[in-house]
Amino acid sequence: MPKSNRYRIPAATHRVEEEISRSRFITTIGYTPTVEAARDFIGAINDEFADVSHNCWAYLVGPPGSTSQIGLSDAGEPHGTAGRPMLNVLLHAGIGDICVVITRYFGGILLGKGGLVKAYSGGVQLALQTLPTIERIPQAHLVIITDYTNITSFKRLLPEYEVEILEEEYATDVTYQIKLPVEKVTLFTQAIIDLANGQALIEVISTDEE
Numbered sequence: 017m018p019k020s021n022r023y024r025i026p027a028a029t030h031r032v033e034e035e036i037s038r039s040r041f042i043t044t045i046g047y048t049p050t051v052e053a054a055r056d057f058i059g060a061i062n063d064e065f066a067d068v069s070h071n072c073w074a075y076l077v078g079p080p081g082s083t084s085q086i087g088l089s090d091a092g093e094p095h096g097t098a099g100r101p102m103l104n105v106l107l108h109a110g111i112g113d114i115c116v117v118i119t120r121y122f123g124g125i126l127l128g129k130g131g132l133v134k135a136y137s138g139g140v141q142l143a144l145q146t147l148p149t150i151e152r153i154p155q156a157h158l159v160i161i162t163d164y165t166n167i168t169s170f171k172r173l174l175p176e177y178e179v180e181i182l183e184e185e186y187a188t189d190v191t192y193q194i195k196l197p198v199e200k201v202t203l204f205t206q207a208i209i210d211l212a213n214g215q216a217l218i219e220v221i222s223t224d225e226e
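Heads up: the sequence shown begins at 17 in my numbering, then just goes up one per residue.
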């Protein structure tokens, strides 16, 4: 079982607002663990601010700094002045699975390309300063079948490996459905084999995507 890194993700949708040269910039950040979730998030902001001059966006799906699943859009602003600066900030933020949309209501004063880059990158930086985050811990779902004599020893192991029991069934043997951090699966399964003297069935049902 490969190791899977823990990393920070947005804990909730977060929004900040500022005015720059009479233009109103509204920055909204959300947790988007898939590309589909990012597109849905962007769509929701577009619907919310359907009357706006621009809804520029960028997203990063995966661990912090990963570029395997990214997206960006200038949404009508001059090329390279919005989406790319926003994405650059996200890539260095130390946060994964994140999408940001900046809504701009034009105030009548042209900012120029440099001003736009500064405004859009600054909007993301401003929102990140107060963004609540939590730790993403990729989980594995396992089924353990063992003898009744191992129940006490089995349950004593659980806190050390951050195991949560999802279901337990008592029949000829005891069957547990559990989840635990992916990174702890190998050591945990070895501990089960040791305590049961090899008399345990262990099956990994699923794991979170890397």
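Glycine is no exception: its CB is placed at the ideal position from the N, C-alpha and C atoms.
**Segment limits, beta strand (DSSP E) that includes E151** = T149 to R152
**Request:** Could you check the C-alpha separation between L147 and V51 for me, to the nearest Å?
**Result:** 21 angstroms
**Asked** From A109 to T202, what does the alpha carbon distance come to, in whole angstroms?
**Response** 31 angstroms
**Message:** With distance defined between alpha-carbon atoms, name the residue in L106, K200, V133 and T165 nearest to E180.
**Reply:** K200
**Asked** In terms of alpha-carbon separation, which member of Y192, L144, H157 and R152 lies closest to D163?
**Response** Y192
**Request:** Out of A74, I194 and S82, state which residue places its alpha-carbon closest to the alpha-carbon of L88.
**Result:** A74
**Item:** Beta-bridge pairing of E183 - partner residues as DSSP gives them
**Value:** Q193
**Message:** Let's test the definition: count the other Cβ atoms within 10 Å of the Cβ of I221 and tell me whether it reaches 16, buried, or not, exposed.
**Reply:** exposed
**Asked** Short check: CB of V133 to CB of T97, under 8 angstroms?
**Response** yes
**Prompt:** Can you pull the DSSP bridge partners for T44?
**Reply:** R31 and V117
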